[in-house]
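Taking numbering that gives the first Met the number 0, the leading residue of the sequence shown gets 0, the next gets one more, and so forth. One structure is given here, and the rest of the page talks about it.
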Amino acid sequence: MFEARFKLKHNGCWTGGLVKFKSEFLTHITVSLTKDFVQDITEISLAKGEADAIKKYFDKSQIIAKWNVLEEIEKKLIVQVFTDTSGIKFKSVVHTILKNNCFASRKVFLKGGWEIWTIAAPEKGAIKNAIEAIKKLGALELLYVKKSTFDGFNLSDQQEMVLKYAVARGYYNWPRKISAQDLAKKLGFNKATLLEHLRKAEIKIMNREFGI
0 MFEARFKLKH
10 NGCWTGGLVK
20 FKSEFLTHIT
30 VSLTKDFVQD
40 ITEISLAKGE
50 ADAIKKYFDK
60 SQIIAKWNVL
70 EEIEKKLIVQ
80 VFTDTSGIKF
90 KSVVHTILKN
100 NCFASRKVFL
110 KGGWEIWTIA
120 APEKGAIKNA
130 IEAIKKLGAL
140 ELLYVKKSTF
150 DGFNLSDQQE
160 MVLKYAVARG
170 YYNWPRKISA
180 QDLAKKLGFN
190 KATLLEHLRK
200 AEIKIMNREF
210 GI
């Protein structure tokens, strides 16, 4: 399996106008799409006083066919957005990805007018073809292409074993049920090696979930 991550300023997409807001946007792209529509579930961590302005932005967008509020609390807004991709000037990223035998493997982060995508495919050639096609949709900055075990977090066997054992033994409880020293002794490691495995596993998980 191969994986690529890239930043895209998508020409004509409604995401481009979000740069004027201080709120943080995280989009979950669905693959329940049709030829002319894409459905997004977008989670918004609201900056103070921006909820109404964001709703007005969705209302005024010419390519958003419809949108619905799924959940709204003080600091969070979750919306369902249906984007009309039938126009000649606007081409869908997710359609382009699927057409080139790839799929979106992570959540799509929206930062400073950029969409941050991660895609995967069994063949490296499919990744290359998808990237070339997506370049036609806007400004693209390729962050990496790499081989991936695609186990969810790309943990090594040692990292996965140590992390699971630490969780099971209560290392991450508060207060902790076992110290790093005792955990290392039970696994036959010294403390420094144990902590190295845990830190590397934690970083991979945070990178996967938060796009760090």
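Ideal placement from N, C-alpha and C gives every residue a C-beta, glycine not left out. Being a predicted model, the structure only gives us computed values, none of them experimental.
- Membership of Phe36 in any alpha helix (DSSP H) is not indicated; the residue belongs instead to the beta strand (DSSP E) covering 36-44.
- By the CB criterion at 8 Å, Ile118 and Ala132 fall outside the cutoff.
- When the alpha-carbon of Val78 is set against those of Ser85, Thr84, Leu69, the nearest one is in Leu69.
- Nearest to Lys127 by C-alpha distance, out of Phe102, Lys185, Ser60, is Phe102.
- In the structure shown, the three-state DSSP call for Phe57 is helix.
- For Thr84, the closest alpha carbon among the candidates Lys163, Leu154, Asn10 is that of Asn10.
- Counting C-beta pairs with one atom in each stretch, the stretch 185-195 and the stretch 138-149 have fewer than three that are closer than 8 Å, which means they do not touch.
- Per DSSP, Thr117 is one residue of the beta strand (DSSP E) stretching across 113-120.
- For Val93, the enclosing alpha helix (DSSP H) begins and ends at 92-98.
- Ala167 and Ser178 have their C-alpha atoms roughly 13 Å apart.
- Gly48 and Lys8 have their C-alpha atoms roughly 26 Å apart.
- The Cβ atoms of Lys123 and Phe1 sit closer than 8 Å to each other.
- Membership of Val166 in the alpha helix (DSSP H) is indicated by the continuous run 156-167.
- For Leu17, there is no enclosing alpha helix (DSSP H), since its DSSP letter is neither H nor E.
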